[in-house]
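Report on the following structure.
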Amino acid sequence: MFSCKRCGICCTNIGGRFSEEESKMIEQAFKRLEFLGLKLLISPRKFTLPLFKDEVDRLKKLSESMGIEFKPVPKLALLNGNKLEILEWDLNNRICPFYDEGCVVYRYRPLACRSFPVIRRMDSYELLDLCPEARKIHVKSDDDIKRIFPEECRNADIFFNRINEIKKALARRLEEGVAKGHFRIEF
């Protein structure tokens, strides 16, 4: 079983993983979805840690009570009539404000942190090589990852499912728009 050594590398070196080319591709993909009311609010080059609204609310309360400066920014929004709904937030800091020789909100940390160093893909798991402890572990299969990182995989699944709920809501919005004649799909 994996055991975090609290080295802080993942907490003090957040984001910045996209090349210029990858960033442009992501921005172009989101630009094509703006007709749905979907808007990417920050450049992928500035992405740090993804946060959900409930996590932002919880961390804001904790930061206020602890005197920690926490300033997340909206990352992805959906225009719903006259209302802008924030779908995803970003930590907006390459060094986590909750890291002080260890996580000071460990029990309340976001799903992205709880799943680290595991990322869930469509039908597989991947280990992020940023973690020095994970680099020491040689895995050959998803079963190995699930066996060695059971809690991280469980949290990666929850994170993946929450992202998929956002995608499903966008797909429903597209279907409704097509059905009402607001959008046309051309091939």
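Residues in the sequence shown are numbered consecutively from 0, following numbering that gives the first Met the number 0. Using N, Cα and C, we set each Cβ at its ideal position, and we do this for glycine too.
Item, Value
"Range of the contiguous alpha helix (DSSP H) that encloses P200", "For the chain, the structure presents residues 0 to 186; residue 200 sits outside this window and is missing."
"7 angstroms Cβ cutoff met for L58 and F51", "no"
"Assigned exposure category for E151 - 16 Cβ within 10 Å defines buried", "buried"
"Beta-carbon contacts of N91 that lie in its chain and below 7 angstroms, excluding the five residues immediately before and after", "T47, K70, P71, V72"
"Inter-residue spacing [alpha-carbon to alpha-carbon] between F158 and A28", "22 angstroms"
"Selected residue, minimal CA-CA separation from D56, among R134, W88, C102", "W88"
"Alpha carbon of R44 to alpha carbon of K23, nearest angstrom", "9 angstroms"
"Which of helix, strand or coil DSSP assigns to I41", "coil"
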